[in-house]
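Under the numbering used here, the first residue of the sequence shown is numbered 1, with each subsequent residue one higher.
We treat Cβ as the ideally placed atom computed from N, Cα and C, and that holds for glycine.
Structure record follows, encoded as structure tokens.
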Amino acid sequence: MKVFIAVDMEGATGVVHHDQLMPEGRGYAVAQRYLTGDVNAVIAGILDADHEAEIIVGEGHAIMRNILLDELHPQAQVVVGPARPANKPLCQMEGIDGSVDLCMCVGFHSKAGTPGGLLAHTFVGSVVCNWMMNDKAVGEVEVDAAIAGAFGVPLGLVVGNHELEHEIRAWHPEVEFVSTKQTLGPSAAICRPPSWTRVALRHAARTTMERAKDGAFKPYHIGPTVTMTIETYRREMTDRAVSEHGVVRVDDRRFQCSGPTAADAFRLAWRAIARALDEPASFLQ
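The following block contains the structure:
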């Protein structure tokens, strides 16, 4: 089987605070090790079920150069580099295509506006107040699952903060889910140590592969056309976003991007969000 692993960082083992999320933060180097360990545990579980599996890891957090490459399992390949629209128009999902059999999401968090959500946001926290997909408020995992579905690829496993499970099961009750920590609030949690999470992640990945072979997961399709409506925090952000060709203004703080699939709609939305920023954010450099 060919497996695509989309990777974020806020839902990784031991990650609870903003100072762990960017290179200038004092906790970043340790968080890199925790994240890389989580990814390797999932890879090990995939290979337990299929020792010849082809594995593509999609770096999907901030600067998208977080995984320690010299510590990554040798059977995996990783998509590395900033998410400029010209580089990675599908952001976390860049590298997926119709040859992939199964998708997994590792290190994820709850959507923007989640009460008490740990490091909760949707894609770009400084810009996105709310993200709707066909008139439904969604988070990053649901958008990523819809992008995977555009290529006929099902989502099988999600790893992240505990409150994310409720969000995911509302639209994907069959998914395998592993919680790395019990959220206490926006920047604190009761954390499982790597010695526990790595065993749990390996077991879950192996189980997911076995279930996938039995046809347990189906691609996530949400309709014949997809419209993504993004609410920004300020009118000036929307003003800049609608300067991108094809983006439609809804009102002062909302704009829409549509396409025949979630992948098409997202590519346009990502270009619009890049325009919406006052200046290129550090993670796009």
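Ile55, DSSP secondary structure in three states: strand
From Lys218, Arg271, Asp278 and Thr13, residue whose alpha carbon lies closest to that of Leu90: Arg271
N- and C-terminal bounds of the beta strand (DSSP E) containing Gly185: Glu176 to Gly185
Residues near Ala168 by beta carbon distance below 8 Å, same chain, minus five either side: Position check: residue 168 holds Ile in this sequence, whereas Ala was assumed. Answer for Ile168: Val141, Glu142, Val158, Val175 and Phe177, listed in chain order.
Close beta carbons around Ser179, own chain, < 6 Å, minus the five adjacent residues each side: His162
Boundaries of the beta strand (DSSP E) in which Arg286 is found, first to last residue: Residue 286 cannot be examined here, being either before or after the span of the chain that is shown, 1 to 285.
Outcome for Trp131 when other beta-carbon atoms lying within 10 angstroms are tallied against a minimum of 16: buried
Same chain, Cβ closer than 7 Å to Arg235, neighbours up to 5 away in sequence not counted: Asp252 and Arg253
Pro154 - partner residues in DSSP beta bridges: Pro219
Buried/exposed call for Gln77, threshold 16 Cβ in 10 Å: exposed
Host beta strand (DSSP E) of Lys111 (start-end): That residue, Lys111, is in no beta strand (DSSP E); it is neither H nor E in DSSP.
For Gly37, the three-state DSSP class (helix, strand or coil): helix
Of the listed residues Glu94, Glu24 and Ala188, nearest to His17 (C-alpha basis): Ala188
Delimiting residues of the beta strand (DSSP E) encompassing Phe123: Counting along the chain, Phe123 falls outside any beta strand (DSSP E), and DSSP gives it neither H nor E.
Supposed close pair Ile46, Ala53 - CB separation, criterion 8 Å: 5 Å
Rounded separation between Val57 and Val106 - CA only: 10 Å
Rounded Cβ spacing between Leu35 and Asn66 (contact assumed at less than 8 Å): 6 Å
Cβ neighbours of Gly60 in the same chain (closer than 7 Å, five flanking residues each side left out): Ala6, Val7, Asp8, Cys91 and Gln92
Residue nearest to Ala265 in terms of C-alpha spacing, selected from Met209, Thr227, Ala150 and Asp239: Thr227
Reference Val124, options Ala148, Pro115, Asn134 and Arg84, closest by Cα: Arg84
Paired residues, beta bridge with Asp251 - DSSP: Arg254
Residues near Ala12 in its chain [Cβ-Cβ closer than 6 Å; skip 5 each side]: Tyr34, Leu35, Asp38 and Gly107
Same chain only: Cβ atoms within 7 Å of Leu201, ignoring 5 sequence neighbours per side: Asp38, Ala41, Val42, Gly45, Val159 and Val178
Member of Gln75, Pro74 and Leu69 whose CA lies at the smallest distance from the CA of Gly81: Leu69
Length of the line joining the Cα atoms of Glu244 and Ala216: 40 Å
8 Å contact criterion, which Arg275 and Arg249 should meet: CB distance rounded: Wrong, their Cβ atoms sit about 13 Å apart, outside the cutoff.
Short Cβ contact (8 Å threshold) for Ala146 with Ile96: no
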